[in-house]
Amino acid sequence: MTQALKIYIDGKWIDSSNPEKQDIINPANQEIIAKAPKATKEETEATITVAKNAFESGVWSDRTPQERAEVLLEIADKMEESLDELVTLEVENNGKTRKEAEYDALDAVSSFRYYASLLNTSTGQTYEASDDIQTVIIKEPMGVAGLIVPWNFPLLMSVWKIAPALAAGNSIVLKPAEITPMTAVKVFELIDQTSLPKGVANLLMGAGSVVGQTISESNDVNVVSFTGSTEVGRNIMQAATGNLKKISLELGGKSPNIIFADADLDTAIDYAMYGIYMGSGQVCSSGSRVLVQEDIYDTFIEKFVEGIKKIRVGPGNDENSEMGAIVSKKHMESILEYIRIGKEEGAHLACGGNRIERDGMEKGFFIEPTVFVDVDSDMRIVQEEIFGPVVVIQKFNDEAEAIKLANDTVFGLAGAVFSRDQNKAMRIIKKVRAGITWINTYHLTNIQAPWGGYKQSGIGRSLGTYGLDEYQETKQINIST
Ligand code: TAP
Numbered sequence: 117m118t119q120a121l122k123i124y125i126d127g128k129w130i131d132s133s134n135p136e137k138q139d140i141i142n143p144a145n146q147e148i149i150a151k152a153p154k155a156t157k158e159e160t161e162a163t164i165t166v167a168k169n170a171f172e173s174g175v176w177s178d179r180t181p182q183e184r185a186e187v188l189l190e191i192a193d194k195m196e197e198s199l200d201e202l203v204t205l206e207v208e209n210n211g212k213t214r215k216e217a218e219y220d221a222l223d224a225v226s227s228f229r230y231y232a233s234l235l236n237t238s239t240g241q242t243y244e245a246s247d248d249i250q251t252v253i254i255k256e257p258m259g260v261a262g263l264i265v266p267w268n269f270p271l272l273m274s275v276w277k278i279a280p281a282l283a284a285g286n287s288i289v290l291k292p293a294e295i296t297p298m299t300a301v302k303v304f305e306l307i308d309q310t311s312l313p314k315g316v317a318n319l320l321m322g323a324g325s326v327v328g329q330t331i332s333e334s335n336d337v338n339v340v341s342f343t344g345s346t347e348v349g350r351n352i353m354q355a356a357t358g359n360l361k362k363i364s365l366e367l368g369g370k371s372p373n374i375i376f377a378d379a380d381l382d383t384a385i386d387y388a389m390y391g392i393y394m395g396s397g398q399v400c401s402s403g404s405r406v407l408v409q410e411d412i413y414d415t416f417i418e419k420f421v422e423g424i425k426k427i428r429v430g431p432g433n434d435e436n437s438e439m440g441a442i443v444s445k446k447h448m449e450s451i452l453e454y455i456r457i458g459k460e461e462g463a464h465l466a467c468g469g470n471r472i473e474r475d476g477m478e479k480g481f482f483i484e485p486t487v488f489v490d491v492d493s494d495m496r497i498v499q500e501e502i503f504g505p506v507v508v509i510q511k512f513n514d515e516a517e518a519i520k521l522a523n524d525t526v527f528g529l530a531g532a533v534f535s536r537d538q539n540k541a542m543r544i545i546k547k548v549r550a551g552i553t554w555i556n557t558y559h560l561t562n563i564q565a566p567w568g569g570y571k572q573s574g575i576g577r578s579l580g581t582y583g584l585d586e587y588q589e590t591k592q593i594n595i596s597t
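Structure, rendered in structure tokens:
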């Protein structure tokens, strides 16, 4: 029987008053796995009030950091016990491979543990302002945190927000993407089993234009943390002006992966493939523009295409699959449209370009790993985020041209350099206008390091102490002694 999901408000699972439901579909076979509620504007406002009341009551915000850390560790333990179920739900709902979902689930557990550990670390500052004045600087929670999550990492993006927001002592209202709520629902079921006071953590499902918009506009929400497209990020920034709430935006990218002629070619090719085909290219930091020095351009393309053709595409729950499904029919069609545009613009399709409807993938949303070469910087496929398994390869001559091409986009999320010359690699990476960068590797992420972009890739940072700061106010207390 198809599962009927409920929203979670004030510690209770309830139906929305809206009779309309969202079908939750497995993108590998189009089976309906659940029906999700579509919360209304009024329900969203009522939920924000619940979160506000919980905050003001002090049931959570007044707890000591050590007490909050203990609850975060409870959540981490519950998640660890349910790891297998979380992985299965993520594979079924998002279409990614089991290996990718396992990595996400382990990272999610570690995120709760990491923020618990930060709470157990002393962070205050004091100054001797004068002989008789001492200044103490403390961090305080902000109030209600609205957390808006995309569909590409439904579990991990939820937890990257929930863990620091709760660690800081806020109350939260989380909205997953309408099409991928399954793991968020599971996380809230687990939170419900811990000693977190009711009303502190609330889960809404529904359309971004209703639930997300209401959260962003609400004068009772003090901080909005959003991960998603640059277009919606811009909307949120405008909606937040009412009460000038703090916003944190993790947005899109078109990240350059610069390969110099002196790079270890096999390593560079492996990471260039991983850079674009992890998560079927539906990853904000994907290396979707590969820039190759002209001396090795032809050899690189030959070997890269050879490698790409060997990638095993298939359902995420098949352990042989290296690349899973595209999240939805709508998104698959958008990627195929970009492939059509690329051909029309005159780019040369070196491989891929089609939907796959064979070998058990007939009913799912699968696209061949796709490579375009001979592209120009002004082509739409070079400038716009496709968010799928489509990579463009550009040629450069020297360091100056590599930097120019790398930065020739409105985005600034990620970037990489491959070279055996460490000094050169460091010199170039410092010139790449992006927040997340790599040398001789790609996609490596750790919880301690700040995650976020320059330019139109966002504002603020997730993870690390930086991620906690996004959910905190800073206060000075001047004490006359
Ligand atoms: P979006 O369409 O921007 O959706 C993201 C979230 O915002 C969803 O929960 C969506 O709800 C909600 N939303 C839609 N309209 C809204 C509005 N007017 N006000 C408030 N919230 C609204 O992005 P997506 O398609 O889910 O994800 C793909 C994009 O996310 C890509 O551009 C990608 O680069 C970016 N992304 C960035 C990062 C980082 S870390 N920078 C990470 C992952 C993804 P519904 O979908 O339910 O309507």
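Following my numbering, the numbering of the sequence shown begins with 117 at its first residue and continues without gaps. Each residue gets a CB set at the ideal place from its N, CA and C atoms; glycine is no exception. Source: prediction; values computed, not measured.
Could you tell me the alpha carbon to alpha carbon distance between residue i and residue j, rounded to whole angstroms?
| i | j | result |
| --- | --- | --- |
| Glu216 | Pro505 | 15 Å |
| Lys591 | Ala283 | 17 Å |
| Asp193 | Ser332 | 32 Å |
| Ile375 | Met389 | 12 Å |
| Thr213 | Gly423 | 19 Å |
| Leu319 | Thr310 | 16 Å |
| Leu210 | Cys400 | The question names Leu, but residue 210 in the sequence shown is Asn. One C-alpha to the other measures close to 15 Å. |
| Glu601 | Asp411 | Residue 601 lies beyond the stretch modelled for the chain, which goes from 117 to 597, so this question has no answer here. |
| Val337 | Ala377 | 51 Å |
| Leu263 | Ala356 | 13 Å |
| Ile385 | Ser437 | 20 Å |
| Phe342 | Glu294 | 14 Å |
| Pro566 | Gly430 | 33 Å |
| Gln146 | Pro485 | 21 Å |
| Arg350 | Tyr570 | 14 Å |
| Ala317 | Glu190 | 15 Å |
| Leu290 | Leu560 | 27 Å |
| Lys511 | Thr415 | 12 Å |
| Ala232 | Ser287 | 16 Å |
| Ala463 | Thr296 | 34 Å |
| Gly583 | Ile555 | 23 Å |
| Glu206 | Asn373 | 28 Å |
| Val252 | Ser246 | 13 Å |
| Ile563 | Thr383 | 25 Å |
| Asp248 | Glu256 | 25 Å |
| Glu515 | Gln329 | 44 Å |
| Leu360 | Asp494 | 37 Å |
| Ser238 | Ser227 | 19 Å |
| Ile254 | Thr180 | 13 Å |
| Thr525 | Gly358 | 31 Å |
Kindly give me the distance between the Cβ atoms of residue i and residue j, rounded to whole angstroms, as I take these residues to be in contact under 8 Å.
| i | j | result |
| --- | --- | --- |
| Pro143 | Phe503 | With 8 Å as the limit, Pro143 and Phe503 do not qualify as a contact, their Cβ atoms being about 14 Å apart. |
| Gly551 | Leu529 | 6 Å |
| Gly368 | Glu586 | About 19 Å; that fails the 8 Å criterion. |
| Tyr611 | Tyr219 | This structure cannot speak to residue 611, because the chain is shown only from 117 to 597. |
| Ile307 | Val340 | In fact, because the Cβ distance is near 20 Å, the residues do not count as touching under 8 Å. |
| Ala61 | Leu407 | Absent from the model: residue 61. The displayed extent of the chain is 117 to 597, so no value can be given. |
| Ile442 | Ile455 | That pair is no contact at about 12 Å. |
| Arg598 | Leu234 | With the chain running from 117 to 597 in the structure shown, residue 598 is simply not present. |
| Phe304 | Tyr124 | 5 Å |
| Phe527 | Lys370 | 5 Å |
| Val440 | Lys314 | Before going on, a small fix: residue 440 reads as Gly here, not Val. Incorrect: roughly 37 Å between the Cβ atoms, too far for contact. |
| Val265 | Ala300 | 7 Å |
| Ala279 | Leu188 | 7 Å |
So is residue i in contact with chain C if we call contact Cβ pairs under 8 Å?
| i | result |
| --- | --- |
| Tyr231 | As a matter of chain content, chain C is missing from the structure shown, which is built from one protein chain. |
From the DSSP secondary-structure annotation, give me the bridge partner or partners of residue i.
| i | result |
| --- | --- |
| Met439 | Val429 |
| Asp139 | Lys151 |
| Arg405 | Pro372, Val508 |
| Ser341 | Leu263, Ser364 |
| Val275 | Paired residues: none, contrary to the question. |
| Ser637 | No answer is possible for residue 637: it lies beyond the span of the chain, which begins at 117 and ends at 597. |
At least three beta-carbon pairs within less than 8 Å, the region 143–153 to the region 117–124: yes
Three or more C-beta pairs below 8 Å linking the region 240–252 and the region 321–337: no
Stretch-stretch touch, CB-based, cutoff 8 Å, three pairs: the region 176–185 with the region 332–347: Cβ pair count under 8 Å is below three, so no.
Validate contact between the region 563–576 and the region 346–366 using beta carbons, cut 8 Å, 3 pairs: With the cut-off at 8 Å, the region 563–576 and the region 346–366 touch.
Three-pair Cβ contact test at 8 Å for the region 464–476 versus the region 130–139: no
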